[in-house]
Every structure is written in C-alpha cells, then in structure tokens.
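Chains as they are written, first to last, in the working numbering: chain P, 398 to 644; chain E, 398 to 644; chain D, 398 to 644. Ideal Cβ positions, reconstructed from N, Cα and C, are used throughout, including at glycine.
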Amino acid sequence: MFKAIVSAETLSSALDSVSVLVEECKIHLEEDGLRIRAVDPANVGMVDLSLDADAFESYEADGGLIGVDLSRLEDIAGMAESGQLVQLELDEETRKLHAQIEGLEYTLALIDPDSIRQEPDIPDLDLPARVVLEGKDVNRAVTAADMVSDHIALGVDEAEEYFYVDAEGDTDDVHLELTADDLIDLEVGSAHSLFSLDYLKDMNKAIPADAEVAADLGEEFPIKMYFGFAEGQGQVTYMLAPRIQSD
Amino acid sequence: MFKAIVSAETLSSALDSVSVLVEECKIHLEEDGLRIRAVDPANVGMVDLSLDADAFESYEADGGLIGVDLSRLEDIAGMAESGQLVQLELDEETRKLHAQIEGLEYTLALIDPDSIRQEPDIPDLDLPARVVLEGKDVNRAVTAADMVSDHIALGVDEAEEYFYVDAEGDTDDVHLELTADDLIDLEVGSAHSLFSLDYLKDMNKAIPADAEVAADLGEEFPIKMYFGFAEGQGQVTYMLAPRIQSD
Amino acid sequence: MFKAIVSAETLSSALDSVSVLVEECKIHLEEDGLRIRAVDPANVGMVDLSLDADAFESYEADGGLIGVDLSRLEDIAGMAESGQLVQLELDEETRKLHAQIEGLEYTLALIDPDSIRQEPDIPDLDLPARVVLEGKDVNRAVTAADMVSDHIALGVDEAEEYFYVDAEGDTDDVHLELTADDLIDLEVGSAHSLFSLDYLKDMNKAIPADAEVAADLGEEFPIKMYFGFAEGQGQVTYMLAPRIQSD
C-alpha cells in the first residue's frame with residue numbers, strides 16, 4: 398500500500414538528485430518515508446536519498462518496493478505548475494503508479510525491481526576532514542575546474558588550515574582556497590584526493606545553490622557529500638570514488 | 398488596393414495561427430477585413446481566420462487576393478518592438494507588399510495565389526457536444542498526452558457529465574476529466590473521437606493561454622475549435638479530422 | 398610588469414569587441430592602459446581597442462606585450478558574478494597570467510605574440526560623411542538586412558539629407574532611411590558602399606544597444622565605426638573594407 402500527496406517541487410528535487418547518476422531506480426516505500434539508494438553503471442558514484450513522511454502533505458506506506466523510470470516520473474512532476482500538489486497511489490494489482498495533478502491522471506507502468514541494478518551498500522568511512530560550504534561554492538569550484546580539466550583535486554591544507562580545489566589542464570590551471578572564514582565549517586585533517594569532474598558536475602546539478610553541503614574527505618579516499626532539501630525533510634548523501642593519481 | 402496599419406502583435410497572432418498548418422497561404426483583402434483559409438498538405442487540419450478591419454489602426458481594401466510566404470511575413474512582424482505598428486501597402490503593379498516599421502521598409506515579393514494549395518471549404522457540422530475551456534487547459538491536456546502517445550482521444554461522458562482527454566501509450570496512460578465546474582461551459586452530447594497529437598500540438602501553439610476556446614465534438618467526427626484574439630476582432634476556427642480508431 | 402584590478406563587466410566588454418573578429422590577439426600593456434589591434438584572417442575587418450588605466454580599479458604596467466586566447470580570457474571574466482572584480486597579474490618568468498576572482502585563481506598560459514597574426518595599421522581615411530546613431534539602430538538595420546541578403550549598402554543621400562541602409566535579396570528588399578531627426582548627428586557627404594553582412598553582424602554583437610556609434614562613410618570606401626564602453630574609458634574602432642559592387 399502506498400498513497401501520498403507531495404508538492405511537485407519536493408518530488409522533483411528528490412528525483413533529480415538520483416537521476417543525475419542513474420536512469421532507473423528502486424524506491425523503498427517505508428512507513429516513515431521514501432528511501433532510494435543507487436550506484437551508477439561504472440560503480441563510481443553512489444546516492445542515498447531519504448524523504449521523510451513529514452515532507453509530504455499526507456503519506457501512507459507499508460514497506461513496499463517499486464522500480465521506476467526516473468525521467469518518466471520527473472516529467473510527471475514537471476507537468477505541475479509551481480505550488481501544485483502531486484497525488485501518488487500504487488495499484489498493487491496492476492503494478493502501476495497513479496499520479497494525479499489537479500484532475501490530470503497519469504498512469505505509470507513500474508519496472509520490475511529485480512531488473513534494476515542492485516542497490517549499493519554505501520560504506521561507513523572514517524574520513525579525517527570535513528568541509529561545510531554553500532552549494533553555490535561547490536558550483537563555482539566545479540565550473541571553474543571544468544574550464545581547464547576533466548578531473549579535480551580536493552584537499553585540506555593542514556598547516557595553513559584551508560580547503561582547496563585544484564584542477565590542472567594541459568596549459569591552464571585553476572586553484573581555489575577557502576579558509577574557515579569562507580566556509581560554514583572546516584574540520585582540518587589529512588585530505589587530498591582526485592575525482593572525475595564528470596561525476597561532480599552531475600552531482601552539482603542536484604545541489605541547490607543555497608544548500609549547506611557537508612563534504613568529508615581523506616587521503617586518496619572517496620568523498621562523501623551530504624545536503625538537505627525540502628526544509629531538511631529530505632536528505633541526500635553522495636559518495637564518489639577517487640581517481641588514481643597519475644603522478 | 399490594400400493599405401493598412403496594424404500592431405505587430407495583432408499581425409503576428411493572425412499569421413501564427415495559420416503558419417502552424419501551412420507555409421504559404423492566400424490572403425483575401427476584403428473590405429471589412431482580412432480572411433485566410435488553409436488546409437495542411439495531408440488534408441487533415443484546416444484553419445479559417447478572419448481579422449476585422451476594426452482590429453487595424455487604419456484599413457483600406459477592395460477585395461484583392463494575395464499569396465504570401467508566411468514565415469517571411471512573420472519575420473517582418475517580428476522585427477517590430479512591442480507596441481510598434483506595421484504599415485502594409487500593396488503595390489498592384491509590381492505585386493509586392495511594402496511593410497514599414499518606424500522608417501524601416503521591407504519589400505516582400507508575393508506568391509502567385511494560383512500556385513498555392515486550394516482553399517478548403519470548411520464544412521458546417523452539426524456536432525452534438527460543446528466544451529468551452531481556457532487555452533491553458535488545452536495546453537495542459539496536449540502536453541500531458543504527448544508524454545505517452547502520438548494520438549489523443551477527446552470525448553464527453555454523457556452520464557457523468559464531464560469532458561475527458563485520454564492518451565494511451567505502450568506502457569503509460571494519461572487521463573484528464575474536466576467537469577462543468579472546471580470548464581467555462583459544457584454542452585453534453587455523444588462525443589468520442591481520436592486525433593493526431595501532432596496536429597493538436599501545432600494548433601495549441603497558436604492558442605493563447607488565456608483564450609476562451611470553444612471545442613465542438615462528435616462521435617468519430619472532426620473537432621472544431623474556435624477562439625478569438627486581438628480583443629475579439631480576430632477569430633480563428635480550426636478543424637481537425639479524426640483518426641480511425643484501431644480498436 | 399602588469400598588475401591590475403578591473404570589473405568583470407569592463408573586462409568582458411573589452412574582450413568581446415575583439416573576439417568577434419579574431420580568436421587570439423596581442424595585448425599591449427601600456428602605462429596608460431591596454432591597447433589591442435587586430436585584423437581578421439581575411440583582412441577585411443579590423444579592430445582597434447583601448448582601455449584606459451582609469452577604467453581599472455587599480456592598474457600598473459610598463460609597456461609589456463602578451464598574446465592571449467580570447468575565449469579563455471572571456472571564460473575567466475564570465476565566471477565572475479555581476480559586480481565582482483578580476484585581479485590580473487602577469488608572471489614574467491613563467492609567462493603566465495594569473496587571474497583571481499574572490500579567492501578563485503586561474504592560471505592562463507599565454508601565447509607567444511610572434512605566433513599571432515601581425516597587427517594591422519588602421520589607416521587614417523578622410524571620409525566625407527559621418528552618421529552618429531544609437532547602437533540599437535545599428536542592430537535594427539543589420540537584423541533587417543540579414544533577413545533578405547548577405548550584404549548591405551550604407552550611404553548618405555546628399556540632396557535629401559538622410560542616411561540609408563539598403564539590402565537587396567533575390568526576391569525581397571529592405572530599405573531604411575534615417576534623417577537628422579532620427580539620428581544623433583549627420584554630416585552629409587558623398588557616401589555609398591557595400592559591405593559583407595557577416596562582418597557587420599559580428600561587430601554589431603559587440604556594440605551595446607545604448608552606445609553612441611559614430612560611423613564614417615565614403616564612396617566605395619571602408620566604413621569606420623567608433624563607440625565607447627566602460628563609461629567612455631574604453632574606446633573601440635572598427636574598420637570594415639567594402640565589397641566590390643557587382644552592378
């Protein structure tokens with residue numbers, strides 16, 4: 398059983414943060430909210446999303462599991478005008494999801510969850526450094542790095558106590574330093590890792606400019622990024638594996 | 398003889414409602430206004446447009462007929478800034494149309510009307526149902542249907558007294574019901590017909606979001622849609638032939 | 398030695414007015430400001446730009462010469478948000494230009510000036526007619542002419558005392574007449590020349606809509622256009638060679 402009413406904005410935010418990595422996903426319809434975990438085909442980027450029951454206007458579920466084509470569901474949410482609500486209801490018999498927006502009913506065929514890539518176990522990592530920054534600073538770093546390179550180094554200078562972003566291109570370089578004053582928070586620790594810019598660009602697309610993003614970093618370790626949406630009732634965790642440093 | 402001054406907005410609205418179906422058309426320069434009738438190459442969609450002399454700042458004509466390339470004339474109207482007027486004058490000798498916008502003169506070569514597809518006779522049809530709705534609801538129905546299918550069923554439920562839109566895709570369906578409360582007006586009658594979405598999408602492009610659109614429907618019959626523009630001094634009628642129901 | 402701070406808007410305006418003609422250019426870092434001269438590969442369009450030291454928040458230079466990839470430098474300026482400043486500093490040893498925007502540092506590899514097309518000597522021409530008009534009227538003329546042709550005639554009617562624009566297409570023509578009343582200033586003289594519209598369209602892109610553009614014209618002679626930016630502390634001169642009249 399699944400029956401819920403949610404603002405189109407909240408639904409879109411939730412779906413967008415997953416669809417930057419995968420096209421299809423499993424959605425766990427838990428009693429206390431939705432839960433999605435997914436990993437991209439190359440096994441490099443992972444997402445763990447939860448959307449609390451409190452983020453919905455009304456919410457009833459009893460632990461079911463559905464598989465969805467994300468772009469379809471995003472299109473449905475995108476049909477709503479600003480401020481409109483989306484009513485969702487699962488038809489257990491036909492395995493279809495009914496979405497209703499102001500009298501318009503969309504019947505979405507679900508995907509067999511068994512046909513969808515297995516959900517990842519996102520590991521607990523004891524990462525030594527934490528940087529908390531605004532979404533727009535993530536965007537700024539990623540956009541600048543993208544001008545010169547296809548990978549990006551993120552790290553923390555322990556002595557000088559700043560977070561840095563480095564991108565080295567064939568001819569040009571980009572370097573950004575953010576001290577504790579520029580950041581919301583900085584927990585200094587040994588951290589320097591190289592990442593694929595393509596993945597960070599995708600993840601960046603889903604991060605609101607005004608979101609508070611916590612990024613945990615280590616020495617040639619994955620990065621984990623956390624941010625909230627829907628007034629904190631939705632939470633996203635991204636994990637991105639590092640690239641091997643060539644030098 | 399033809400000499401007229403008209404706001405660029407009004408001229409654009411008139412041309413756009415025809416150009417969604419055809420690239421060239423004949424324009425009748427009647428004493429009481431312009432008149433255009435056209436049918437698309439496949440003979441499926443027809444348009445009948447009239448723009449009253451009152452819609453013009455000034456208007457003089459004596460029943461001539463010209464053939465025009467619609468995109469050319471739309472480009473001319475598009476050069477004007479908001480609120481600017483377009484002066485049109487036919488040079489009978491050279492068979493060219495002079496368009497003038499704030500000192501800028503554009504000389505448009507006309508097309509021999511005989512080389513343009515014959516104008517359709519749009520039949521009088523005694524259609525049993527009438528639905529009057531806002532342009533934005535037409536847009537909503539067409540946009541939603543387009544997500545799942547390339548055709549769309551429009552009909553009226555006589556028992557429950559509502560207008561409905563149905564689109565069935567390979568996996569997903571869209572269904573919209575609008576009761577008399579959701580509509581500007583509803584005259585219940587036996588009506589259910591299937592239409593090509595491509596045509597409705599094109600016609601929808603020319604329908605202003607705030608227009609009052611009257612749609613006449615029957616049982617496997619064409620749909621006729623009427624709406625006004627230029628404060629009611631322009632009138633458009635679209636007629637679209639039904640598709641044969643496959644089931 | 399070169400060290401300067403400038404608003405991103407001013408830097409972008411300067412670069413854009415050159416990049417419409419060439420991809421790379423030499424920049425003279427004079428004591429009293431920047432100076433760029435460039436000619437397009439076909440030797441048809443030339444630009445002479447100066448940006449006074451006063452246009453900068455701070456400016457120090459001693460007559461150096463650098464070669465830059467314009468789109469790279471434009472991208473850097475484009476990263477800044479509205480109102481942000483760009484700090485530029487030349488590293489003489491590495492021959493790299495450091496650009497800094499709010500903590501973000503971009504290191505730009507310079508190009509050997511000797512590898513860049515030689516700078517043109519923009520000739521002094523004693524052109525008999527001068528037309529001073531708003532940038533938006535240049536845009537209007539170029540946009541209209543582009544609808545019918547790939548070249549454009551500019552001239553002055555000495556008897557009737559107006560500036561005119563003529564574009565003749567295969568079927569359609571565009572004609573614009575601007576009298577002294579429509580212009581900021583008009584110095585009547587013998588002038589009629591044909592120009593490639595492609596070049597004028599490119600130059601037009603760099604002309605602000607509210608700029609005061611002075612255009613000097615002659616009889617089958619180049620056109621010279623002058624306009625300012627950055628509150629008059631930047632000056633651009635374009636020179637465009639005429640096309641040979643075919644008739």
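| query | By Cβ distance below 8 angstroms, which residues in the same chain neighbour D:Ser578 in space, the five residues on each side in sequence not counted? | reply | In the sequence as presented, Ser is not what sits at residue 578 of chain D; that position holds Asp. Taken in chain order, the list of residues that qualify is empty.
- Query: For the ligand HEM, is there a heavy atom less than 8 angstroms away from the beta-carbon of E:Gly566?
  - Reply: With respect to the ligand HEM, the structure shown offers nothing to examine, as it has no ligands at all.
* Quick one: which unbroken beta strand (DSSP E) runs of 3-plus residues sit fully inside the region 597-626 of chain E? Chain order, please. => Restricted to the region 597-626 of chain E, the beta strand (DSSP E) segments that are unbroken, complete and at least 3 residues in length are 609-614 and 620-626, listed in chain order.
Comparing the C-beta of P:Met672 with each C-beta of chain E, is any distance below 9 angstroms? With chain P represented from 398 up to 644, any question about residue 672 of chain P goes unanswered, as that position is not in the structure.
- Item | E:Pro639 beta carbon less than 9 angstroms from that of E:Ser590 | Contact: yes.
inquiry  = If the cut-off is 9 angstroms on Cβ atoms, which residues from the region 568-601 of chain D count as contacting chain E, listed in chain order?
reply    = Hits within the stretch, in order: Thr568, Asp569, Asp570, Val571, His572, Leu573, Glu574, Leu575, Thr576 and Asp579.
Subject >> Residues in the region 519-551 of chain E having any Cβ partner in chain P nearer than 7 angstroms >> reply: The region 519-551 of chain E vs chain P, Cβ under 7 angstroms: Arg537, Thr540, Ala541 and Met544.
Excluding the five sequence neighbours on either side, which residues of its own chain have a C-beta within less than 6 angstroms of the C-beta of E:Thr576, listed in chain order?
These residues qualify, in order along the chain: Tyr559.
Determine the DSSP secondary structure at E:Met476, reduced to helix, strand or coil. The answer is helix: DSSP assigns E:Met476 an H, G or I state.
How would you list, in chain order, the residues of chain P whose beta-carbon sits under 8 angstroms from the beta-carbon of D:Gly500? Per Cβ cutoff of 8 angstroms: Leu573, Glu574, Leu575 and Asp579.
**Item:** Alpha-carbon to alpha-carbon, D:Ile463 and D:Asp429
**Value:** Near 16 angstroms, if we compare the C-alpha coordinates of D:Ile463 and D:Asp429.
Notebook entry, point to check: To the nearest angstrom, how far is it from the Cα of D:Ile620 to the Cα of D:Ala612?
Noted result: Each residue's Cα considered, the two are about 7 angstroms apart.
Notebook entry, point to check: Out of curiosity, what's the CA-to-CA distance linking E:Arg514 and E:Gly442?
Noted result: Annotation: E:Arg514 to E:Gly442 spans about 13 angstroms, alpha carbon to alpha carbon.
Own chain residues within Cβ distance below 6 angstroms of P:Ala538, not counting five before or after:
Closer than 6 angstroms at Cβ, skipping near neighbours: Val562 and Leu573.
* Asked: When the Cα of P:Ala603 is compared with those of P:Val403, P:Val417 and P:Met398, which residue comes out closest?
  -> Distances from the alpha-carbon of P:Ala603 to those of P:Val403, P:Val417 and P:Met398 put P:Val417 closest.
- prompt: Does D:Ile463 get closer than 9 angstroms to chain P when you measure Cβ to Cβ?
  reply: With 9 angstroms as the cut-off, D:Ile463 does not count as an interface residue toward chain P.
query = From the beta carbon of D:Ile424, is the nearest beta carbon of chain P less than 9 angstroms away?
reply = It does not; no Cβ of chain P falls within 9 angstroms.
Taking the straight line between their C-alpha atoms, what separation do you get for E:Met636 and E:Ser587?
When only Cα atoms are considered, E:Met636 and E:Ser587 end up about 18 angstroms apart.
According to the Cβ coordinates, are E:Pro438 and E:Val419 closer than 9 angstroms?
Yes, the pair counts as a contact, with Cβ atoms nearer than the cut-off.
Practice item. Give the interface partners of E:Leu505 over in chain D, defined as CB-CB distance under 7 angstroms, in chain order. Key: By Cβ distance, chain D contributes Asp569.
Item to check | Cross-chain neighbours of D:Arg492 in chain P, by beta carbon under 7 angstroms | outcome: Neighbours of D:Arg492 on chain P: none; closest Cβ ~11 angstroms, over 7 angstroms.
Could you check whether the region 475-483 of chain E touches the region 398-406 of chain E, counting it as contact only if at least three pairs of C-beta atoms, one from each stretch, sit closer than 8 angstroms?
Short answer: they touch.
- Do you know offhand how far E:Val610's Cα is from E:Ala411's? Just so you know, the alpha carbons of E:Val610 and E:Ala411 end up roughly 16 angstroms apart.
Closer than 8 angstroms between beta carbons: that is the criterion. Which residues of the region 444-474 of chain P meet it against chain E?
Answer in chain order: Arg469, Asp472 and Ile473.
Could you have a look at E:Thr576 and say whether DSSP puts it in helix, strand or coil?
If DSSP states are grouped into helix, strand and coil, E:Thr576 belongs with the strands.
Discussion item. Quick check: the Cα distance between P:Asp607 and P:Phe399, rounded to an integer number of angstroms?
Written reply: Those two C-alpha atoms are separated by around 32 angstroms.
Quick check on this structure: which residue in P:Ile508, P:Ala474 and P:Pro517 has the alpha carbon closest to the alpha carbon of P:Glu502? When only C-alpha atoms are compared, the closest one is P:Ala474.
Beta-carbon proximity of E:Arg492 to E:Leu507, cut-off 9 angstroms: Contact: yes.
- Whole beta strand (DSSP E) elements within the region 492-526 of chain P, 3-residue minimum: Counting whole runs of 3 or more residues, the region 492-526 of chain P contains the beta strand (DSSP E) stretches 493-498 and 501-506.
| Beta-ladder partner(s) of E:Ala435, from DSSP | E:Ala435 is bridged to E:Val444.
**Message:** Let me make sure I understand the geometry here. Which of E:Met544, E:Gly625 and E:Ala550 has the alpha-carbon closest to that of E:Thr568?
**Reply:** Nearest C-alpha to E:Thr568 among E:Met544, E:Gly625 and E:Ala550: E:Met544.
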